[in-house]
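**Q** Here the protein sequences come in this chain order: A and B.
Position one of the first sequence corresponds to residue -17 (the numbering used here), numbered consecutively onward.
Position one of the second sequence corresponds to residue 245 (the numbering used here), numbered consecutively onward.
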Amino acid sequence: MLVLSRRRQEAIVIKTLEGDLRVVLLEAEKGRARLGIEAPRGCTVLREELLREIENANRMSVIDDVERLKQMLGKKR
Amino acid sequence: MNSAKLRGTIIGFEEYQNYELNPVAGEISPFRLLSCVDTPLSFIVISPFSIVDDYALEVSDTIAHGLQLHDGTVDDVAVLCVVRLAEEVCYINLRSPIIVNTKGGLFAQVVLENENYSSSTPFVMKEVRG
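1. What do you reckon, are the CB atoms on Asn345 (chain B) and Ser363 (chain B) nearer than 8 Å?
2. Could you list the residues in the region 32 to 46 of chain A with a C-beta less than 8 Å from some C-beta on chain B, going in chain order?
3. DSSP three-state call for Arg59 (chain A): helix, strand or coil?
4. Going by C-alpha distance, which of B:Glu264, B:Glu331, B:Val323, B:Leu265 is nearest Ala300 (chain B)?
5. Tell me the rounded alpha-carbon separation between Leu278 (chain B) and Arg251 (chain B).
6. Is it true that the region 255 to 264 of chain B meets the region 282 to 294 of chain B, where meeting means three or more beta-carbon pairs spaced less than 8 Å apart?
7. Can you look up Val318 (chain B) in the DSSP assignment and give me helix, strand or coil?
8. Tell me which residue opens and which closes the beta strand (DSSP E) that Ile19 (chain A) is part of.
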């Protein structure tokens, strides 16, 4: 992982094929930072924990035995 | 939209892109099965509108563009949410619906900004007799 130090109002820029993604450090205190993000169209900016939560929900929803499922849904249909 | 070949990805399973959407428990059932063509990987999906009356979502221009929906009509769009079956209660992921271009055979699982929608909203299935 690339590690950079930034002061308030300083930014980093990530150049992508879609355009520049800019992250500014707005405030930082007591182990908490407020970031400002300017992302090009086509970029989705998410809190990582939400993305992991959705991956996890998807993973828990996987059906590997379709026949058993059909029996189950047939019963409740 | 009963049986269709679709191209797109499910979050966390980006290595797979080819899916089929099929009925799972007869044509009457609101459930559909989204199955990967290349590996044993299936998801039960349902229209969120059949679970939540006032479900609303906004599809960004970027997603619409990616799904080639820019010159289509609303008739070509379907919204489906992944369902997790458990013994007593079932869960629906309202936070990240699957947007489908039914005409173009494309889909994308998006993440909504609306924090009122949970990725695991419980609901109860009732037995239908007759």
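Positions of the beta carbon are idealized from the N, C-alpha and C atoms, including for glycine.
**A** On the basis of the coordinates in this document:
1. Counting from one through the second sequence, the residue named residue 345 (chain B) turns up at place 101. Counting from one through the second sequence, the residue named residue 363 (chain B) turns up at place 119. Not a contact, by the Cβ cut-off of 8 Å.
2. Residues Leu32, Leu33, Glu35, Ile36, Glu37, Asn38, Ala39, Asn40, Arg41, Met42, Ser43, Val44, Ile45, Asp46.
3. Locating residue 59 (chain A) in the first sequence gives position 77, counting from the first residue. The pLDDT assigned to Arg59 (chain A) is 44, lower than 50, so where the model puts this residue is not dependable; a value taken from the coordinates is nonetheless given after this. When secondary structure is reduced to three states using DSSP, Arg59 (chain A) falls in the coil class, being assigned neither helix nor strand.
4. Position 56 of the second sequence, counting from 1, holds the residue named residue 300 (chain B). Of B:Glu264, B:Glu331, B:Val323, B:Leu265, the residue nearest in Cα terms is B:Val323.
5. In the second sequence, residue 278 (chain B) corresponds to position 34, counting from 1. In the second sequence, residue 251 (chain B) corresponds to position 7, counting from 1. In this model, Leu278 (chain B) and Arg251 (chain B) are separated by some 11 Å (Cα to Cα).
6. Yes: the two stretches touch, three or more of their Cβ pairs being nearer than 8 Å.
7. Position 74 of the second sequence holds residue 318 (chain B). Here Val318 (chain B) carries a helix assignment [DSSP, helix/strand/coil].
8. Taking the first residue of the first sequence as 1, we reach residue 19 (chain A) at position 37. Where Ile19 (chain A) is concerned, the enclosing beta strand (DSSP E) stretches over 14 to 20.
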